[in-house]
Amino acid sequence: MHHRSKPASEQGFTLIEVVVVVVIIAVLAAIALPTLIDFLPNFRLRSASRDLYSAILQTKAEAIQRSQNVTLLLDSPADTYTIFIDDGGGTPANANNRIIDAQETVISSTTPFPTGVIFGPADLNNDGDFIDAGEIADADGISFVNNVIVFSARGLPVGIGTVGLRALASDGSVVRQRSITVSSGGRIRTQ
Ligand SMILES: [Ca+2]
Ligand SMILES: [Ca+2]
Ligand SMILES: [Ca+2]
Numbered sequence: 529m530h531h532r533s534k535p536a537s538e539q540g541f542t543l544i545e546v547v548v549v550v551v552i553i554a555v556l557a558a559i560a561l562p563t564l565i566d567f568l569p570n571f572r573l574r575s576a577s578r579d580l581y582s583a584i585l586q587t588k589a590e591a592i593q594r595s596q597n598v599t600l601l602l603d604s605p606a607d608t609y610t611i612f613i614d615d616g617g618g619t620p621a622n623a624n625n626r627i628i629d630a631q632e633t634v635i636s637s638t639t640p641f642p643t644g645v646i647f648g649p650a651d652l653n654n655d656g657d658f659i660d661a662g663e664i665a666d667a668d669g670i671s672f673v674n675n676v677i678v679f680s681a682r683g684l685p686v687g688i689g690t691v692g693l694r695a696l697a698s699d700g701s702v703v704r705q706r707s708i709t710v711s712s713g714g715r716i717r718t719q
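Heads up: the sequence shown begins at 529 in my numbering, then just goes up one per residue.
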């Protein structure tokens with residue numbers, strides 16, 4: 529009676545093979561995890577910054593197209609923004625009050641930032657001050673008067689300012705900061 533050995537593929541794993549695979553997985557995870565933990569808040573911040581930049585451009589384009597002031601309302605505690613026409617909608621008392629009143633036209637409904645992204649002061653080069661290019665010291669992260677970015681029918685900003693964005697880690701620490709600045713010529717710059 530002779531014994532036929534099974535093909536290698538049917539023999540299952542030896543203990544040493546399992547240990548080697550587990551060690552390889554552990555090493556790969558240890559390498560990838562910090563990158564992943566860092567990557568996610570950064571990714572969200574970039575996407576929030578890009579979306580807000582687009583919203584500012586849209587506000588400008590709508591103002592030109594509609595030949596009237598269009599307002600981008602930045603809500604710092606809520607970390608949202610909304611494009612609307614603050615013209616009172618027929619009720620003069622409600623015009624330019626930075627409140628979206630019942631009869632006013634909402635152009636782009638309220639957009640929240642992704643999880644972990646907030647408005648906040650931005651020290652872009654992390655040197656402890658808030659005075660370098662594109663930095664903003666305002667506690668609420670918005671230096672525009674009354675927290676609105678308004679464009680006129682000519683496509684020019686009614687006021688200039690900077691918006692600071694912060695990406696937070698799950699423990700609440702600040703991972704990365706960015707800013708968007710609107711200059712008097714209507715140029716929009718992200719940093
Ligand atoms: Ca209003
Ligand atoms: Ca600084
Ligand atoms: Ca402010």
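Beta carbons are placed, not taken as given, at the ideal position from N, Cα and C, and that holds for glycine.
Check	Outcome
Among Val691, Glu590, Gly656, Ser604, the one whose alpha carbon lies nearest that of Ile611	Glu590
CB of Asn675 within 9 Å of CB of Ser604, strictly	yes
Contact under 9 Å by Cβ, Gly720 with Ala650	Within the shown structure, residues of the chain are numbered from 529 to 719, placing residue 720 beyond reach of any answer.
Per DSSP, cross-strand counterpart(s) of Val645	Ala695
Host beta strand (DSSP E) of Phe612 (start-end)	608 to 612
Where Gly656 falls: helix, strand or coil (DSSP)	coil
Of the residues Pro642, Asn625, Ser637, Gly617, the one placed nearest Gln631, counting alpha carbons only	Gly617
Alpha helix (DSSP H) segments (min. 4 residues) lying fully within the region 549 to 610	none
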